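Start counting the sequence shown at 205; every next residue gets the next number (this note's numbering).
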Amino acid sequence: SQELLLAVESSSPLLSVALFRGEELLGEEEVQAPASTGLPALTRLLLEQHRVDPAELAALAIGEGPGSYNGLRCGFAYLAGINLPRKPKPLKRAQVGSLAAMALGTASPRSRRGCILNARRQQFFYATFEVDGRDIRPLGEGLVGRLEEIPDLASESIAWASYEVEGFTAAFPRAASVGRLALKELSKTEPNRTTPWEPRYLRPPVAV
């Protein structure tokens, strides 16, 4: 298929958007800026560079987090705004893990990769993956613990990365990786276009 897909990653301080035609990456733009203003400007720049009208888009993809509350909220709201004029036939859409996108894009010769984020309250959110080229398999996701409790953190067999925790290779989730993961999801089954998107924040809501 040669459909156009717009991918957005807004879970970290580095905003990025990417445009695909079929499986071909046409371009990617990134900036460190507030998502509320950065995403519209980046998207407009990217689409204008490739002479694409927003009405030509066939699919949307987003990194679902975990990550910044404001960044994720703005990213999901922005894509919902793009999708809104398409009712009753909204665009195809997919959301993928931001840490999977981060692991996929991390430059490392090692196939086992880990990502770690600060979940506050002396807790850390982490995930590990097996990466083979553009294929990625989760080994452990959605995990939270104290730094000393994280298994294999000192192991040389896993390439650990973070954009906010000191002592690890610096890496960010990027829209190009989000798009590649989303294309695989969209190719598996006919996507459900009515289910609301749900971001994954760093910590679940706490009942009081």
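Virtual Cβ for every residue (Gly too), placed ideally from N, Cα, C. Bear in mind that the values here come from a model prediction, so they are computed numbers and not experimental data.
Which first and last residues belong to the beta strand (DSSP E) in which Gln202 is found?
-> This structure cannot settle anything about residue 202, because the visible part of the chain is limited to 205 through 412.
Going straight from the alpha carbon of Ser302 to that of Leu210, what length do you get?
-> Near 16 Å, if we compare the C-alpha coordinates of Leu210 and Ser302.
Considering Leu218, what are the terminal residues of the beta strand (DSSP E) in which it resides?
-> DSSP places Leu218 in the uninterrupted beta strand (DSSP E) bounded by 218–225.
Alpha-carbon to alpha-carbon, Val256 and Phe224 = When rounded, the distance between both Cα atoms is 11 Å.
With respect to 6 Å, is the separation between the Cβ of Leu250 and the closest non-hydrogen atom of the ligand ADP below this value?
-> By its list of ligands, the structure shown contains no ligand whatsoever, and the ligand ADP lies outside what it can speak to.
Could you give the distance in angstroms between the alpha-carbon of Leu357 and the alpha-carbon of Leu343?
-> Taking C-alpha positions only, Leu357 is separated from Leu343 by approximately 14 Å.
Can you give the Cα-Cα distance for Asn274 and Ala237, rounded to whole angstroms?
-> For Asn274 and Ala237, the distance between alpha carbons rounds to 12 Å.
For the 8 Å Cβ check, are there 3 or more pairs between the segment 360–380 and the segment 291–300?
-> No, the segment 360–380 does not touch the segment 291–300.
Check Lys414 in the structure and name its three-state DSSP category.
-> With the chain covering only 205 through 412, there is no way to say anything about residue 414.
Please confirm if the segment 303–312 is in contact with the segment 369–387, defined as three or more CB-CB distances below 8 Å between the two stretches.
-> Result yes; three or more Cβ-Cβ pairs closer than 8 Å.
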